[in-house]
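A.B. asks:
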Amino acid sequence: MSSNAEWQEGNSKGEPGSSLHGVTGREPVFQMTMATVGEQEATDLKGRKFALPVDSEHKAKTVRLYSVAAPHMRTFHLSWIAFMICFFSTFAAPPLMPVIRDNLGLTKGDIGNAGIASVAGAVVSRLLMGTICDLVGPRYGCAILMMITAPAIFCMPLVSTPVGFILVRFFIGFCLATFVSCQFWMSSMFNSKIVGIANGTAAGWGNMGGGIVQLVMPLVFDIIRRDIGSEKFTAWRIAFFVPGVLQVMMGLLVLTLGQDLPDGNYAELKREGEKVNDSFKKVFLYAVTNYRTYIFALTYGYCFGVELTVDNIIAEYFYDRFDLNLQTAGIIASTFGLMNLFSRPLGGVLSDVVAARWGMRGRLWNLWIIQTVGGVLCIVLGLTGQLGPAIAVMLIFSFFVQAACGATFGIIPFISRRSLGIISGATGAGGNIGAVTTQGIFFMSSKYTTEDGIMLMGIMIVACTLPVIFVHFPQWGSMFLPASKATEEDYYVSEWNKEEQSNGLHHASMKFAENAKSERGRQSPPRSKGQAVGVDQL
Amino acid sequence: MKFSVAFVMTLMLASVSMAQASVLFSTLERTLVVEAKIKEQEISSGIALAGVSHLVISWHLNESFPVSVGDKYVNVKLRLCYAPVSQIDRGWRKTNDDLHKDKTCTKGIAQQKYIFSGNSTTWRVTKDVPGAVYFVRAYAVDAEGNQLAFGQTTDKAKTANLITVLPISGRTGNIDIAAAIFSAFSVVSLTGFLGLESMRSKRTSK
C-alpha cells in the first residue's frame, strides 16, 4: 500500500534532519510551527501537495487562520462556523424569553424545563455523534445533523403551549452534537502539538454563537416589530427563521466543501483501502473501559455545562435583577458568549505552551487551576449585587470557564487514538449532563433565587474539578505522580489485540504514538526501546 | 481594551441607576375609586379578548375624602395589574412594596389630568397583553411622577372583580406555510445530496 511505503521511508531512526523532531529532547520544539528540514513535500492520495506543512499522518503542523486552503484550513473554518450556527439556534430562545414567556404564559418551572431540555437532547446526540464520526466521518455527521434538526427550528414559530415550547427546544438542542464532529475533525486535521489551539479556537469561536445570538435575536425582533410592524407575539416567531435558514445553508456548505481526513473522504479512503473499517464494539469497549473518559466527562460538565447554563439564564438574570430592557440585557448577556473569541482558544494555547515545557502533567495542572479559579469567580458573581461590578465579574468568570473548556480538549486527543470519536462524544455529552443537572438543581424552582443558584453553581464547579487529580498516564504521569517506564507505543498500541496487530490495523496508532512523544515535555530522556523509535517494529 | 470599555459602561450605568427615592405602596392612601367594565359585555369582571375587547375605565376621588386631599395630585396613571393567581411561579411579575421594584402593574393603559370629579377612558386591550387575570389600578402622581395615592377595581386581597384576558396566539397562516416549506427543503435537499454522492461513488468504484 502506497502510504505504508511513504511512511516507512520517513522513519529515520533518529538521524538528524528526520521528521521526528522533539523525540530526543535535545532539539528545540517550536510551539506553533515545526521546521520541516529534510522532509519531502507531503502529498495526499491524489498526489496533490498540501498547502500547509504536514506531519507523517498528513496532519497540519500550523494553523493559518486567514487561509481557506483545502483541506486543513477549509475544514477548520467550515467546522467552527457550523458549530457556531448550531449554538446560535439552540440559544435563540433565551434572549427573547421576556416576550415568549408572556406569549405562551410560561412559569419559571416551564422556562427551567425548557432550558434543561435544550441541553439534554445533546447528551444522547453527542454520544451517538462520536460513534458516527468514527464510522462514517465527521463531514456526514455534521451536515446530516444540522439539516435534520433544522425542521425543529422551523417548528418554533408554530409553538403555542408550554409543552410545545419545551419539546421544540429539546429537539433543536440535538444539533449541539456538531461540537463532537468539530473536535473530531480538528483532531484529525491538526498535529498533536497544536491540537490544543486548533480545538480551542474552533470550539471557542463556535461557542461564540451563544453570545452572538443574544445580540442578534433582540435586534432582529426589533427590526421586525418596527419595520414590518408585526405584533410582539408574532415578531419573535418570524425572528426564528433566521437561525433556521442559516443552519440549512451551512449544512449544505459542509456537504459540498468539507473533507473528512487530510487524504480524502472516508468513502474514498475505504475504497482504496486506506481507511480501515473499525468495529463499533471494540471502539466502544475501549472508550468505556478507560476511566479517564468518565473523569473528563464530569469535569467538562462543570466548565462547558456551566457555560451552557449561563447562556440559558444570563439575559433573563440581568433583565430581572437589574431592571434593564430587552436590548440592554441582551448586549450584556452576549459579552459572556463573545469572550469565547479568545478565551477558549487561549485555554488551548496555554495547554500547548505548558505542555511544551512540562508535557501532559503541565496540561493537567493547567486545567485544574483554570477551572477552579472559574468556580471561585462564579461564587463571586452570585454575590455581586451592583450592575457594574456584576458585568466585570461575569467577564472574568467567562474567560476562566471557557479557557477551561479549551484546556480540556487539549488533553482529550491523547486519551485514546482508536476511540477518539466516542471519547470526544462522551466528554461533550458530559458537558451537557452537567448543564442539565446544574439547571435542574439550582435554576428550576423558586426555592433558590437566581443569584443564589449562581453562587451554589460556583461551589459545585470547584468540587467537581477535583477528580482531575486522579488522571494518570503511565507514559507521562499525573498531577502528583511521575511517569513510569511505559512508552507511548505501549499505551496506544494496547488498544489493539494481537490479532488486529498482526493484520496491521494499528499502524495509524503507531504514527500517532510517535507524534505524541511531545507530551513528555522538555528535558526528558528518551525512553524508546533500543535506539529505534518504535515505528518500524512490525 | 475590552475591560476599559466595560469599566466606562459600568460607570455610566451606575450613575443612571441612582434614581429618585422610592415610594412604598403601603404608605399610599386609597383615595380614588376606580371601576372597569368590559365594554362589549357591560360587566365588570369576565373574559376580554386581546386586540378585540375594550375596557371602559372610570375613576374619581372618593367622596368620603375632602377635595383638598387632591391638591398635590397632577396626573392619574391607569395601569393593568396582575392578580395574584397570575403571579404564582412567575418572579418577573412579583409584587414589591417598593414601587420602583414592583412588577405588579407593568402594562400602562392611560394617563389623564387629575380632577376631583374624575374622568373615564375607553381602552382597547392591546395585542401584546399576555394571557392572565388582571385588575385595574389608578395611581395619583405628582409632577415628577412620584405616586401619592391610588385606587383599584378590586379589594385588598385582589380577588374580586378580576378580568381574564385571552391573548392572541401570534401565529399567522403565512408563518405556518413558510415553516412547512423550509423544513421540507432542508430534508429533501439533504436526501438529494446523499443520494447523489452514493450514486457518484458507486459509479467510480465500478
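In order, the protein sequences belong to chains H and S.
Take 1 as the starting number for the first sequence in UniProt numbering and just add one per residue.
Take 1 as the starting number for the second sequence in UniProt numbering and just add one per residue.
Backbone N, C-alpha and C fix where the C-beta goes; we use that ideal spot for every residue, glycine too.
Please decide whether residue 89(S) counts as near chain H, where near means a Cβ-Cβ distance under 8 angstroms.
C.D. replies: As a first step, residue 89(S) must be located in the second sequence, where it is residue number 89. Closer than 8 angstroms: yes.
A.B. asks: Below 8 angstroms, can you find three or more Cβ-Cβ pairs linking the region 449-467 of chain H to the region 356-373 of chain H?
C.D. replies: Contact between the region 449-467 of chain H and the region 356-373 of chain H is present, because at least three Cβ pairs lie under 8 angstroms.
A.B. asks: Among 503(H), 486(H), 60(H) and 308(H), whose alpha-carbon lies nearest the alpha-carbon of residue 192(H)?
C.D. replies: Residue numbering aside, residue 192(H) sits at position 192 when the first sequence is read from its first letter. The shortest Cα separation from residue 192(H) among 503(H), 486(H), 60(H) and 308(H) belongs to 60(H).
A.B. asks: For residue 130(S), does the count of other Cβ atoms within 10 angstroms reach 16, so buried, or fall short, so exposed?
C.D. replies: Here residue 130(S) refers to the residue found at position 130 of the second sequence. By the neighbour-count rule (16 or more Cβ atoms within 10 Å), residue 130(S) is buried.
A.B. asks: Are the region 135-146 of chain S and the region 94-111 of chain H in contact at 8 angstroms, needing three or more beta carbon pairs?
C.D. replies: Too few Cβ pairs lie closer than 8 angstroms, so no.
A.B. asks: Anything in chain S within Cβ reach of residue 227(H), meaning under 8 angstroms, just list it in chain order.
C.D. replies: As a working note, residue 227(H) is residue 227 in the first sequence. Those do not exist, as residue 227(H) stays about 17 angstroms from chain S at its closest Cβ, beyond 8 angstroms.
A.B. asks: Beta carbons nearer than 9 angstroms to chain H: which residues of the region 122-142 of chain S have them?
C.D. replies: So the close ones are 126, 127, 128, 129, 130, 131 and 132.
A.B. asks: Whole-angstrom Cβ separation of residue 352(H) and residue 194(H), contact assumed at under 8 angstroms?
C.D. replies: As a first step, residue 352(H) is located in the first sequence; it is residue number 352 there, counting from the start. As a first step, residue 194(H) is located in the first sequence; it is residue number 194 there, counting from the start. That pair is a contact at about 6 angstroms.
A.B. asks: Just the C-alpha distance for residue 457(H) and residue 343(H), rounded to the nearest angstrom, thanks.
C.D. replies: The residue you call residue 457(H) lines up with position 457 of the first sequence. The residue you call residue 343(H) lines up with position 343 of the first sequence. Approximately 20 angstroms, taken between the alpha carbons.
A.B. asks: Does residue 46(S) come out as helix, strand or coil in the three-state DSSP assignment?
C.D. replies: In the second sequence, the residue the question calls residue 46(S) occupies position 46. In this structure, residue 46(S) counts as strand in the three-state DSSP scheme.
A.B. asks: Check distances from the C-beta atoms of the region 141-153 of chain H to those of chain S and list, in chain order, the residues that come in under 8 angstroms.
C.D. replies: So the list reads 143, 144, 147, 148, 150 and 151, given in the order they occur along the chain.
A.B. asks: Along chain H, in chain order, which residues have C-beta atoms closer than 8 angstroms to that of residue 104(S)?
C.D. replies: Against the second sequence, residue 104(S) aligns to sequence position 104. Going along chain H, no residue has its Cβ under 8 angstroms from residue 104(S), so there is no contact; the nearest lies around 14 angstroms.
A.B. asks: Taking 8 angstroms as the threshold (C-beta atoms), are residue 151(S) and residue 31(S) in contact?
C.D. replies: Position 31 of the second sequence, counted from the start, is the residue given in the question as residue 31(S). Position 151 of the second sequence, counted from the start, is the residue given in the question as residue 151(S). For residue 31(S) and residue 151(S), yes; Cβs fall inside 8 angstroms.
A.B. asks: So if DSSP puts residue 75(S) in a beta bridge, which residue, or which two residues, is it bridged to?
C.D. replies: In the second sequence, the residue the question calls residue 75(S) occupies position 75. According to DSSP, residue 75(S) bridges with 113(S) and 141(S).
A.B. asks: Using beta-carbon positions only, say whether residue 173(H) and residue 245(H) come within less than 8 angstroms of one another.
C.D. replies: On the first sequence, position 173 is the one that residue 173(H) refers to. On the first sequence, position 245 is the one that residue 245(H) refers to. No, these two residues do not count as a Cβ contact at 8 angstroms.
A.B. asks: For residue 392(H), which option in 358(H), 52(H), 333(H) and 510(H) has the closest C-alpha, if you only look at C-alpha atoms?
C.D. replies: Residue mapping note: residue 392(H) aligns to position 392 of the first sequence, counting from 1. That would be 333(H), whose Cα lies nearest to the Cα of residue 392(H).
A.B. asks: State buried or exposed for residue 188(S), treating a residue as buried only when at least 16 other CB atoms are found within 10 Å of its CB.
C.D. replies: By 1-based counting over the second sequence, the position of residue 188(S) is 188. With fewer than 16 other Cβ atoms within 10 Å, it is exposed.
A.B. asks: For residue 89(S), list the residues DSSP reports as bridge partners.
C.D. replies: Against the second sequence, residue 89(S) aligns to sequence position 89. In DSSP, residue 89(S) forms no bridge with anything.
A.B. asks: Counting C-beta neighbours from all protein chains within 10 Å, is the total for residue 292(H) 16 or more, i.e. buried, or is it exposed?
C.D. replies: Here residue 292(H) refers to the residue found at position 292 of the first sequence. Its Cβ being crowded by 16 or more others within 10 Å, residue 292(H) is buried.
A.B. asks: Suppose you measure from the CA of residue 45(S) to the CA of residue 459(H); what does that come to, to the nearest Å?
C.D. replies: As a working mapping, residue 45(S) is identified with position 45 in the second sequence. As a working mapping, residue 459(H) is identified with position 459 in the first sequence. Taking the straight line joining both Cα atoms gives about 50 angstroms.
A.B. asks: Taking only the alpha-carbon atoms, compute the straight-line gap between residue 63(H) and residue 198(H) and give it to the nearest angstrom.
C.D. replies: Locating residue 63(H) in the first sequence gives position 63, where the first residue counts as 1. Locating residue 198(H) in the first sequence gives position 198, where the first residue counts as 1. Distance between the alpha carbons of residue 63(H) and residue 198(H) is about 7 angstroms.
A.B. asks: Just curious, the beta strand (DSSP E) that residue 390(H) is in, first and last residue?
C.D. replies: Taking the first residue of the first sequence as position 1, residue 390(H) is located at position 390. First-last for residue 390(H): 387-411, but that is the alpha helix (DSSP H), not the beta strand (DSSP E).
A.B. asks: Just verifying my parser: in three-state terms, what is the DSSP assignment at residue 98(S)?
C.D. replies: Taking the second sequence and counting its residues from 1, one reaches residue 98(S) at position 98. Strand at residue 98(S).
A.B. asks: Against chain H, does residue 97(S) count as a neighbour if the rule is that its beta carbon must be under 8 angstroms from one of theirs?
C.D. replies: The residue you call residue 97(S) lines up with position 97 of the second sequence. Not an interface residue.
A.B. asks: Take the Cβ of residue 504(H) as the centre, count every other Cβ of all protein chains shown within 10 Å, and call the residue buried at 16 or more, exposed below.
C.D. replies: Counting from 1 along the first sequence, the entry for residue 504(H) is found at position 504. Residue 504(H) should be labelled exposed.
A.B. asks: Could you tell me which residues DSSP puts in a beta bridge with residue 123(S)?
C.D. replies: Within the second sequence, the letter at position 123 stands for residue 123(S). Paired residue(s): 55(S).
A.B. asks: Considering only the beta carbon of each residue, do residue 38(S) and residue 48(S) sit closer than 8 angstroms?
C.D. replies: By 1-based counting over the second sequence, the position of residue 38(S) is 38. By 1-based counting over the second sequence, the position of residue 48(S) is 48. The answer is yes: Cβ separation under 8 angstroms.
A.B. asks: Would you say the region 127-135 of chain H touches the region 424-431 of chain H, given that touching needs at least three Cβ pairs under 8 angstroms?
C.D. replies: Judged by Cβ distances under 8 angstroms, the region 127-135 of chain H makes contact with the region 424-431 of chain H, as three or more pairs qualify.
A.B. asks: Taking a cut of 8 angstroms between CB atoms, which residues from the region 504-525 of chain H lie near chain S?
C.D. replies: The residues in question: there are none.
A.B. asks: For residue 59(H), return the contacting residues in chain S, with the cut-off set at a CB-CB distance below 8 angstroms.
C.D. replies: Position 59 of the first sequence, counted from the first residue, corresponds to residue 59(H). Chain S residues near residue 59(H): none, gap ~25 angstroms exceeds 8 angstroms.
A.B. asks: By the 10 Å Cβ neighbour count, where 16 or more other Cβ atoms means buried, how is residue 264(H) classified, buried or exposed?
C.D. replies: Locating residue 264(H) in the first sequence gives position 264, where the first residue counts as 1. Flag for residue 264(H) reads buried.
A.B. asks: Looking at the secondary structure, which residues open and close the beta strand (DSSP E) in which residue 180(H) lies?
C.D. replies: One-based indexing of the first sequence puts residue 180(H) at position 180. Per DSSP, residue 180(H) belongs to no beta strand (DSSP E); it is in the alpha helix (DSSP H), 178-189.
A.B. asks: Would you identify the three-state DSSP class for residue 353(H), choosing helix, strand or coil?
C.D. replies: To locate residue 353(H), count along the first sequence from 1; it is residue 353. Residue 353(H) falls in the helix class under three-state DSSP.
A.B. asks: For residue 178(S), return the contacting residues in chain H, with the cut-off set at a CB-CB distance below 9 angstroms.
C.D. replies: Within the second sequence, residue 178(S) is the residue found at index 178, counting from 1. Under the 9 angstroms cutoff, chain H gives 154, 157, 238 and 241.
A.B. asks: From the DSSP output, which residues share a beta bridge with residue 164(S)?
C.D. replies: In the second sequence, residue 164(S) corresponds to position 164, counting from 1. Note: residue 164(S) sits in a beta bridge opposite 47(S) and 133(S).
A.B. asks: So is residue 70(S) buried or exposed if we call it buried at 16+ other beta carbons inside 10 Å?
C.D. replies: The residue labelled residue 70(S) in the question sits at position 70 within the second sequence. Its Cβ being crowded by 16 or more others within 10 Å, residue 70(S) is buried.
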